[in-house]
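Asks: Input: one structure, supplied below.
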């Protein structure tokens, strides 16, 4: 699966997605490393790498632009800073005065740093920028550690519909302006709304929000268009999604949801990587182990006990993995420790058997 | 002594020496935070304490553990002495508006204009005030007085357990006041935030961490503990979940197939290394009140939950 993707010169974007804690960042870094070693100029966009992996990639808190990874030619790494990316968009689309109004507004500060979905949105934005620069043979994206893997697809729409919503329209449309047929009922609703908000949160709340929304409105036209374009790019030939999971119930369930969703949205799903799979065990069934323990020394019996437990875990894993319906599947054995250097990334066997 | 002074004195006694009654459970994603929150609540309930278990992230992770499809936005009995509820910020805001303003129409108007969605998703800190507000109210609730403003009688709940957001967000989540400061400068929400903040920083509240005996989750727990202590919020237990049992393995020399023997030795070796690594990681937690939870090796069911809860009572 990975071999075919990397051998195809048309592949320009690989997105690794899945629930949190399944090794997305490590997988993305390993794929990028392999591509770079095949001679492709590759950048890996990470969201929140573990400290030691970040060190191995030469990333620090300030690595928000692609920079060369030491000792590996063609490999570049960068981190996403969502607030900074958001700021850049505002600065690019608004005049200086308006931009300042936005950047200083308390709502903006919240939206740019903590709104569920901003990170996903900004990852898309950054990907769009990297693609537009035409500098890269391959871009590998480690998607944000969403509560649910699906957030990655939904967030741009959610943020978009929020900023396009009725409340925003109401707040940005002066009461006298045409277009809004203000019936009496609607009008009283608005007054009720304004007075309730003022009562609960104080008058400044409403002033802040109106200022923010009015200022952001001018920026958002361009903003949304860009997101739509990036979304289209994900569907285009040259993009590939890889769903990452571990062989446990919840992450596999998330992976299945994600696979279904990618297929229904017409997104190019390359396959699934299952990390942390039990390694190969002794060629001895549970029945044979039981039989053997009857005449075994206490030491061998203890080893057989462990072996049988390992077999049970493995058969549970196999059952979970077999239920996944997807074009290709790659199992990565548990390395037994956190991977935190280039040698560790290289040792991940990405060309292993599919299915 | 006037009645009022008496009340103050009693309050003083409570605030000086309170046993933690609000138990906030956090952990990195995938460490078993929800399971531990449920097991902790169940252990209190088993000991006879009237306990409320709150879910605040709408993940519907708690309900299946108690054999239910979901948890509603109201307190329902899910086991003996144990009540559960899923706190939804939209519902909480509507309830709030109705409670303070007796204005159901206003709430509906707000919903119509998307302000409920707006307020509960974007307004900094507002969502968290609403989510923690329920825990605040329930923790201080007295019989016959829902708002908890009198000091008469015992508490309705002996313990409130919250399945809280993950470690990455817990500091921000509990430090309500700081979050809201830039936004709501006056008004009842602001006042409520101040009261919640007081409870969170008092001895009545304690935050338990859930982690695995692995590098990344332990690192994240340590960072969260530092952050919480910096904020003046009390940290309770560190639950280390999925601990591998330490087993004795000797070398065997039984006359068996050599391929099988080598493979079995590899399995033993791998297990030993895993336990060694686990012990090394645990050393990082030596300064904390660690409770180890054995690896269950099967999906969590209510029986498993009871088993963990019983273990917690004895710990």
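Residue numbers (our numbering), protein chains in the order written: chain A, 108 to 462; chain B, 61 to 375.
We put the CB at the ideal spot given by N, CA and C, even for glycine.
1) Enumerate in chain order the residues of its own chain whose CB-to-CB distance from residue 252/B is below 7 Å, with the five nearest sequence positions on each side excluded.
2) What first and last residue would you give for the beta strand (DSSP E) that runs through residue 382/A?
3) Check for me: the beta strand (DSSP E) holding residue 138/A runs from which residue to which?
4) Between residue 157/A and chain B, is the shortest Cβ-Cβ distance under 7 Å, so that the two count as touching?
5) For the structure I just gave you, are there three or more beta carbon pairs, one from the region 149-157 of chain A and one from the region 229-236 of chain A, closer than 8 Å?
6) Tell me whether residue 224/B sits in a helix, a strand or coil according to DSSP, three-state version.
7) Report yes if the CB atom of residue 346/A is closer than 7 Å to the CB atom of residue 150/A, and no otherwise.
8) Report buried or exposed for residue 202/A, applying the criterion of at least 16 other Cβ atoms within 10 angstroms of its Cβ.
9) Using a Cβ cut-off of 8 Å, pull out every chain B residue sitting near residue 390/A, in sequence order please.
10) Taking the beta strand (DSSP E) that residue 269/B belongs to, which residues open and close that run?
11) Kindly indicate which residue of 403/A, 380/A, 419/A has the alpha-carbon position closest to the one of residue 109/A.
12) Any idea which residues DSSP pairs residue 324/B with across the strands?
13) State the Cα-Cα distance for the pair residue 146/B and residue 132/B, rounded to the nearest angstrom.
14) For a quick check, are the C-beta atoms of residue 452/A and residue 136/A less than 7 Å apart?
15) Does DSSP put residue 217/B in a helix, a strand or coil?
16) Taking DSSP as the reference, what is the three-state secondary structure of residue 230/A?
17) Would you mind reading off the limits of the beta strand (DSSP E) that contains residue 197/B?
18) Would you identify the three-state DSSP class for residue 332/B, choosing helix, strand or coil?
19) Would you mind reading off the limits of the alpha helix (DSSP H) that contains residue 297/B?
20) What span of residues does the beta strand (DSSP E) with residue 127/B cover, start to end?
21) Give a yes or no on whether 7 Å exceeds the smallest Cβ distance from residue 188/B to chain A.
22) What in chain B is Cβ-close to residue 445/A, meaning under 8 Å?
23) Using a Cβ cut-off of 7 Å (strictly closer), state whether residue 378/A contacts chain B.
24) Any Cβ of chain A within less than 7 Å of the Cβ of residue 233/B?
25) Using a Cβ-Cβ cut-off of less than 9 Å, give me the residues of the region 405-426 of chain A that come near chain B, in sequence order.
26) By the DSSP assignment, the alpha helix (DSSP H) with residue 210/A in it spans what residues?
27) Since residue 147/A meets chain B, which of its residues come closer than 7 Å, beta carbon to beta carbon?
28) So, using beta-carbon positions, are residue 230/B and residue 86/B closer together than 7 Å?
29) Considering only C-alpha positions, which residue in the set 237/A, 404/A, 208/A, 350/A is nearest to residue 174/A?
30) Between which two residues does the beta strand (DSSP E) holding residue 249/A run?
31) Could you name the residues that DSSP lists as bridge partners for residue 83/B?
32) Compare the C-beta of residue 403/A against all C-beta atoms of chain B and say whether one is closer than 7 Å.
33) Nearest to residue 347/B by alpha carbon, out of 331/B, 372/B, 298/B?
34) Mapping DSSP to helix, strand and coil, what is residue 435/A?
35) Can you find a C-beta in chain B that's less than 7 Å from the C-beta of residue 128/A?
36) Please say whether residue 107/B and residue 332/B have beta carbons closer to each other than 7 Å?
Replies: If we stick to the structure as given:
1) Numbered from its first residue, the second chain carries residue 252/B at position 192. Same-chain partners within the cutoff: 189, 193.
2) One-based indexing of the first chain puts residue 382/A at position 275. Its beta strand (DSSP E) spans residues 376-384.
3) Taking the first residue of the first chain as 1, we reach residue 138/A at position 31. From DSSP, residue 138/A is part of no beta strand (DSSP E) but of the alpha helix (DSSP H) over 131-144.
4) If you number the first chain from 1, residue 157/A lands on position 50. At least one CB of chain B lies nearer than 7 Å to the CB of residue 157/A.
5) Yes, they touch.
6) Taking the second chain and counting its residues from 1, one reaches residue 224/B at position 164. Residue state, collapsed to three classes: coil.
7) The residue given as residue 346/A occupies position 239 in the first chain. The residue given as residue 150/A occupies position 43 in the first chain. Annotated as distal: residue 346/A and residue 150/A, with beta-carbon spacing of 7 Å or more.
8) Taking the first residue of the first chain as position 1, residue 202/A is located at position 95. With fewer than 16 Cβ atoms within 10 Å of its Cβ, residue 202/A is classed as exposed.
9) What you label residue 390/A is simply residue 283 of the first chain in a count that begins at 1. Correct list: 319, 320, 323.
10) Here the question's residue 269/B lines up with position 209 in the second chain. In the DSSP assignment, residue 269/B falls within the beta strand (DSSP E) that extends over 265-271.
11) Within the first chain, residue 109/A is the residue found at index 2, counting from 1. The residue with the shortest Cα to Cα distance from residue 109/A is 380/A.
12) If you number the second chain from 1, residue 324/B lands on position 264. The partner list for residue 324/B (beta bridge, DSSP) is empty, contrary to what the question assumes.
13) Taking the first residue of the second chain as 1, we reach residue 146/B at position 86. Taking the first residue of the second chain as 1, we reach residue 132/B at position 72. The alpha-carbon atoms of residue 146/B and residue 132/B are separated by roughly 6 Å.
14) As a first step, residue 452/A is located in the first chain; it is residue number 345 there, counting from the start. As a first step, residue 136/A is located in the first chain; it is residue number 29 there, counting from the start. Between residue 452/A and residue 136/A, the C-beta gap is smaller than 7 Å, which places the two residues in contact.
15) On the second chain, position 157 is the one that residue 217/B refers to. Three-state result, residue 217/B: coil.
16) Residue numbering aside, residue 230/A sits at position 123 when the first chain is read from its first letter. Here residue 230/A carries a helix assignment [DSSP, helix/strand/coil].
17) Along the second chain, read from residue 1 onward, the residue named residue 197/B stands at position 137. Where residue 197/B is concerned, there is no enclosing beta strand (DSSP E), although the alpha helix (DSSP H) it sits in stretches over 186-199.
18) By one-based count along the second chain, residue 332/B stands at place 272. Helix, per DSSP.
19) Here the question's residue 297/B lines up with position 237 in the second chain. Careful: residue 297/B lies outside any alpha helix (DSSP H), inside the beta strand (DSSP E) at 295-303.
20) In the second chain, residue 127/B corresponds to position 67, counting from 1. That residue, residue 127/B, is in no beta strand (DSSP E); it is neither H nor E in DSSP.
21) On the second chain, residue 188/B is found 128 positions in, with the first residue counted as 1. It does not: the Cβ of residue 188/B has no partner Cβ on chain A nearer than 7 Å.
22) Here residue 445/A refers to the residue found at position 338 when the first chain is read from its first residue. The answer, in chain order, is 274, 275, 276.
23) Start at 1 with the first residue of the first chain, and residue 378/A comes out as number 271. So no, residue 378/A is outside the interface.
24) Position 173 of the second chain holds residue 233/B. False, the Cβ-Cβ gap to chain A never drops below 7 Å.
25) Only 405, 406, 407, 408, 409, 410, 411, 412, 413, 414, 416, 417, 419, 420, 423 from the region 405-426 of chain A bring a Cβ to less than 9 Å from some Cβ of chain B.
26) As a working note, residue 210/A is residue 103 in the first chain. Residues 203-211.
27) Your numbering for residue 147/A matches position 40 in the first chain. Neighbours of residue 147/A on chain B: none; closest Cβ ~29 Å, over 7 Å.
28) As a working note, residue 230/B is residue 170 in the second chain. As a working note, residue 86/B is residue 26 in the second chain. For residue 230/B and residue 86/B, yes; Cβs fall inside 7 Å.
29) In the first chain, residue 174/A corresponds to position 67, counting from 1. Comparing Cα positions, the closest option is 237/A.
30) To locate residue 249/A, count along the first chain from 1; it is residue 142. Counting along the chain, the beta strand (DSSP E) containing residue 249/A begins and ends at 245-249.
31) The residue labelled residue 83/B in the question sits at position 23 within the second chain. The partner list for residue 83/B (beta bridge, DSSP) reads 221/B, 266/B.
32) The sequence position of residue 403/A within the first chain is 296, counting from 1. Taking CB atoms only, residue 403/A has a neighbour in chain B less than 7 Å away.
33) Counting from one through the second chain, the residue named residue 347/B turns up at place 287. Closest by C-alpha distance to residue 347/B, out of 331/B, 372/B, 298/B, is 298/B.
34) As a position in the first chain, residue 435/A is number 328, starting the count at 1. DSSP, read as helix, strand or coil, puts residue 435/A in coil.
35) What you label residue 128/A is simply residue 21 of the first chain in a count that begins at 1. Taking Cβ atoms only, chain B reaches closer than 7 Å to residue 128/A, which makes this a yes.
36) Taking the second chain and counting its residues from 1, the one referred to as residue 332/B is at position 272. Taking the second chain and counting its residues from 1, the one referred to as residue 107/B is at position 47. The Cβ-Cβ distance between residue 332/B and residue 107/B does not fall below 7 Å.
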